[in-house]
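Respectively, the protein sequence lines represent chains A and B.
Each step along the first sequence adds one to the number in UniProt numbering, with nothing skipped, and position 48 is 48.
Each step along the second sequence adds one to the number in UniProt numbering, with nothing skipped, and position 43 is 43.
Note that CB positions come from ideal geometry on N, CA and C, so glycine has one too.
Source: prediction; values computed, not measured.
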Amino acid sequence: MTSILYRGLQTHPLLLYKSVLFRNNGVMYCTIRSSQTQTATYESNKTQPKISPKTQAKTLDKILKDYEAIIGIETHVQLNTLSKAFCSCPYNYGSQPNTSVCPVCMGLPGALPVLNSKVIEYAVKVGLALNCRIALNSKFDRKQYFYPDLPKGYQISQFDIPIASGGHIDVDLPVEFGGGHRRFGITRVHMEEDAGKLLHLGNGSYSQVDLNRAGVPLLEIVSEPDMRSGIEAAEYGAEIQRLVRYLGVSNGNMQEGSLRCDVNVSVRPIGQEKFGTKVEIKNLNSFSSINRAIDFEITRQAALYNEGKDDEIVQETRLWEEGAQKTVTMRKKEGLSDYRYFPEPDLPEVVLSGEYVDGIHDSLPELPEMKRRRGAEVKLAANWIMGDIAAYLKNEKLSIDEIKLTPEELAELIASIKGGTISGKIGKEILFELIAKGGTVKGLIKAKDLVQIVDPAEIESMVDKVISENPKQLEQYRGGKTRLQGYFAGQVMKESKGKANPGLLNKILLEKLNASS
Amino acid sequence: MLSTLQNPRLSLLHHHHHRFPLKGHRHLHITPSARASHPLPQPTATQSPPSTSPPPSSTILSIRHSLLSRRQTAVQLAESYLARIQQTEPHIRSFLHISNSVIKEAEELDRKIERNEELGPLAGVFVGVKDNICTANMPSTGGSKVLEGYRPPFDATAVRRVKECGGIIVGKTNLDEFGMGSTTEGSAFQVTANPWDVSRVPGGSSGGSAAAVSAGQCVVSLGSDTGGSVRQPASFCGVVGIKPTYGRVSRYGLMAYASSLDAIGCFGSSVVDTGILLHAISGHDQLDATTSKREVPDFTSQCTSASFFESKPLKGLRVGVIRETLDDGVDGAIKSSIYEAAAHLEELGCNVTEVSLPSFSLGLPAYYILALSESSSNLSRYDGIRYGNQIGADELNSLYGDSRAKGFGSEVKLRILMGTYALSAGYYDAYYKRAQQVRTLIQRSFKDALDKNDILISPAAPSTAYSIGMTYCLLLLVRRKNDPLAMSMSTLLGCLHWCCHVELLKGDPMASPVGLQIIGAAFDEAKLLKVGHIFEQTLQGH
């Protein structure tokens, strides 16, 4: 396949070069607003967002009290497959213009696309990592529009049946921004091809077309409109970047355009159900610019609302200007554009077997988010245990070699707590036994009958007993003294000799306390 | 019974009137021109009655024989074909471009023969290629101004395979622009004449390929068929045409008109020649994801081994005559020819019955919606940016608009507009989606009919060749009345079914030829070719 495609090119390198770059005396007369070639000049390579300027944050805080921002993100991820999506051309960022092209990706008459199966594999990987449903039967569609960087006059994409949909991604916000965990919905993930690039050189009276990028495989990841601030959006983007890098499907480099985020922002007064008018922002070359552009846009829109000028918020695409730190109108959308989608007749439907998807699922590396979460748990357990051991050693003036606890048993203890066999409280009790007298965790749990009670019926009967024994406190609770819940919980725990699962205990207790008398 | 077949090529040189006089030739094959500087191979003793010495039915096989037996050199053959083209081309105008390397390639072949090297199955066979099929060293315009002077950097897979089999590409044949038309008058460059009657059209859109074979300008040719574009011109020009099952032949290098319907097909002056060419170009292609991985059987072995001198060589073959294709709108002479063909098949031992395809009348509107929708998309790439004619402008939209307005002919524009409309938001479900459902219905009814029958037969076109200049009125009328019968309806139907067809010459020497269409189940080309071959050979004796 490769040899055929190349043969055609190598024998006519001048012809192609000529026809692309220097046709008709070297100029292609058209005036096109540049958007893709602008690059931020002073971006650091850090993926962590920077803190936005204090003044802006202040205004934002004030306005955000009355308004709520709705943010959704479309992320384009360039896949690092060896060859393009539908032909055997390689893609290397920064190559000489039109040196990595063939009849297929140039859209020559008679050329046909043939799908690179790696694209499917990578799409399924990303879909699964984003907790999506994978469509076993999907297809490609043509999205039709004219632009000089789109050689065929249509983009091969997926329309009504994306390969993956209905997923989510978990994100931890940095502590300096208040911390916390967020889960953002993923609407869909679909496969498509990238377009070429327009180069605006010379005196501005013409543009040149570089088709090296045309046909490079992309995944478009569309989020639910679940984000509410610039930092949430930036963290979402950063998490997507970590994910595709972990999976090894993309280098995720924003400066090279391997990862591109377009954000949609709307603002509405808190309490209003209807969404405000959606504005799209492009030219976001780093997560920090995503953060700042969104916060700028929220402030701009909220300010317009504040002044009663919300009709000035129109559906449009705005450009983030890194230098001026603001968004400016790029083009207004006049009605919905009609891409006249229809199924791509040159490609067979994409049919996957359950085994294929399972095979990919089993081969996935541990995801960054999971790893962090697991790491955090282990660290937590280790922290208090090490703290207690250190305290014991200090009090008893012993060295670590002199205690009877073995590393194996310490690991077993942590695993038992993590696995839910015993509660943390009981874990501490056992720890001191192990340090002082030695023995095994399993033996101690068995001997002392310390296995955690996780049977709801058993806990319920204890709760019932405690409630019936404390009618006075119950009356007070139902009269409004809800702080008495702690008293009841303590009584039940005492009743269970500390073995009741605290989560279950509280759940059942609350149900009983709040049941109508 | 049917009259003797007439070879138009002999007559052409002598008579340019509307009807060719009946001559005593009793074979279907290429006869050497008396005026050619080097005589073409004599396939047989033409006067011998078939019962004692059956005529070898293949020009390809006789060329091979003359080359191997050193009776003629490839250069001599090439010179005679080029001379023939020189003589006939001013009247027929089948070619948009004639290769300038024919003699050079023939010389190479002669050296190979001298060295006793193995020859491919198409060695020394002169092949015409429809101009919407890409060739690396020749212009490929698709019959459109928008691609005037365009030279692709690659060969279409079918062309590459022809060359690998030793075939010599003679030139690029005329067509309706991008295959959109059925008369070849829609070419941006020239009008091709029907070799049987130069005042009539050769049919289309592969009119140049059909006329070139019919006029003896080449041995076989490649065409393309989206809605009858091989079968109808084969019928008009009195040659054999086959539209193989979709997916049998790679479309790589064929300028797309309607991707889900387009198929490269073959023309020849005999069934065996057509089958040999089809075999050479068939099979899975890594460059076309819609090609089938099915094995390609040797289409012609069945032909040559078939003993058609038995009294009933087609004993037990179930043949269905499609009733709807012989309705009132069909020319009376055509109807009677088909009934005669059916009678002949019965004599050969077939069980002929009538079958009905109730979804028949839905075929044309469904075909139009699918083909036009896909074409509106496929022709988007002709934007004047990368290749072809660009009309310079100050502003991008004008560049697009002017390049396309000046580059496309009116038929193409009409189809792009209609297709764009059918795919527009809000209309997709009502048109494109519905047409796909109709296509499924038609496929089902064809499958039912082909479960009960081995083959189906119908006319290839509802009329014989039209006069040049007449058809646009006809087409416009069709569009207004939405009358499927006035179009080459049966060819359309078969197309939507994706099965394969052989077109056979049934020549009435006193009139234009009439084509019999044989339709078979998907990927059953071998059976069709066998039936066609026996039909063709046994017709000789009548």
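For the segment 242-256 of chain B, the set of positions with a beta-carbon nearer than 8 angstroms to some beta-carbon of chain A reads R251, Y252, G253, L254, M255, A256 in chain order. At a cut-off of 4 residues, the continuous stretches assigned as alpha helix (DSSP H) that sit fully inside the UniProt domain "Asn/Gln amidotransferase" (366-513) of chain A are 368-396, 407-419, 424-437, 441-448, 456-469, 471-478, 485-495.
A Cβ-Cβ distance of about 5 angstroms is found for the pair Y122 (chain A) and L79 (chain A), placing them in contact under the 8 angstroms criterion. Sequence-distant Cβ neighbours of S58 (chain B) in its own chain, meaning closer than 6 angstroms and more than five residues away, are S270, V272, D273. Secondary structure at Q155 (chain A): strand, using DSSP grouped into helix, strand and coil. Closer than 7 angstroms at the C-beta level to chain B, one finds these residues of the segment 90-108 of chain A: P103, M106, G107, L108. Residue environment for P407 (chain A): exposed (fewer than 16 other C-beta atoms within 10 angstroms of its C-beta). A direct Cα-to-Cα measurement between S144 (chain B) and R381 (chain B) gives close to 13 angstroms. N116 (chain A) sits in coil when the DSSP states are folded into three classes, being neither helix nor strand.
When CB distances to chain B are screened at a threshold of 9 angstroms, not a single residue of the UniProt domain "Asn/Gln amidotransferase" (366-513) of chain A falls below it. Closest by C-alpha distance to G180 (chain A), out of A:E235, A:G354, A:Q96, is A:E235.
Taking a 10 Å sphere around the C-beta of E344 (chain A), we find 16 or more other C-beta atoms and assign the residue as buried. By the neighbour-count criterion, in which a residue is buried when 16 or more other Cβ atoms sit within 10 angstroms of its Cβ, F432 (chain A) is exposed.
When the alpha-carbon of L423 (chain B) is set against those of B:F523, B:G186, B:K413, B:L370, the nearest one is in B:L370. Not a single CB atom of chain B sits nearer than 9 angstroms to the CB of R213 (chain A).
In this chain, R439 (chain B) is not harboured by any beta strand (DSSP E); it is covered by the alpha helix (DSSP H) spanning 434-452. Contact with chain A is absent for Q437 (chain B), since none of that chain's Cβ atoms lies less than 9 angstroms from the residue's Cβ. Assignment of H97 (chain B) by DSSP, reduced to helix, strand and coil, places it in the strand class.
For Y246 (chain B), no beta strand (DSSP E) segment is defined, and its DSSP state is neither H nor E. Around A193 (chain B), the same chain offers H91, I92, R93, S199, R200, V201, P202, A211, I468 as residues with beta carbons nearer than 8 angstroms, after the five sequence neighbours per side are excluded.
Straight through space, the alpha carbons of D524 (chain B) and D262 (chain B) are spaced by roughly 18 angstroms. The C-alpha of T440 (chain A) lies about 14 angstroms from the C-alpha of I403 (chain A). If you draw a straight line from the Cα of N470 (chain A) to the Cα of L434 (chain A), it is about 38 angstroms long. Using a Cβ-Cβ cut-off of 8 angstroms, F146 (chain A) is close to S380, D383, Y400 of chain B, given in chain order.
DSSP places A522 (chain B) outside both helix and strand once states are collapsed to three, so it counts as coil. A263 (chain B): not part of any alpha helix (DSSP H); member of the beta strand (DSSP E) spanning 263-268, first to last residue.
Proximity of K152 (chain A) to chain B, defined by a Cβ-Cβ separation below 9 angstroms, is satisfied. A Cβ-Cβ distance of about 6 angstroms is found for the pair V263 (chain A) and I71 (chain A), placing them in contact under the 8 angstroms criterion. D176 (chain B) has a beta carbon lying at 9 angstroms or more from every beta carbon in chain A.
At a cut-off of 9 angstroms, the C-beta of A195 (chain A) has no neighbouring C-beta in chain B. Look at G179 (chain A): its C-beta is not under 9 angstroms from any C-beta on chain B. Considering only beta carbons, the part of the segment 110-124 of chain A lying closer than 9 angstroms to chain B consists of G110, A111, L112, P113, V114, L115, in chain order.
Counting along the chain, V357 (chain A) sits inside no beta strand (DSSP E); it lies in the alpha helix (DSSP H) bounded by residues 354-363. With a threshold of 16 other beta carbon atoms within 10 Å, P348 (chain A) falls short and is exposed. Cβ-Cβ distances below 7 angstroms link L175 (chain B) to K130, D131, N132, G143, T184, S187, G204, S205, S206, G207, G208 in the same chain, with the five nearest sequence neighbours on each side left out; the list follows chain order. For C261 (chain A), the enclosing beta strand (DSSP E) stretches over residues 259-269.
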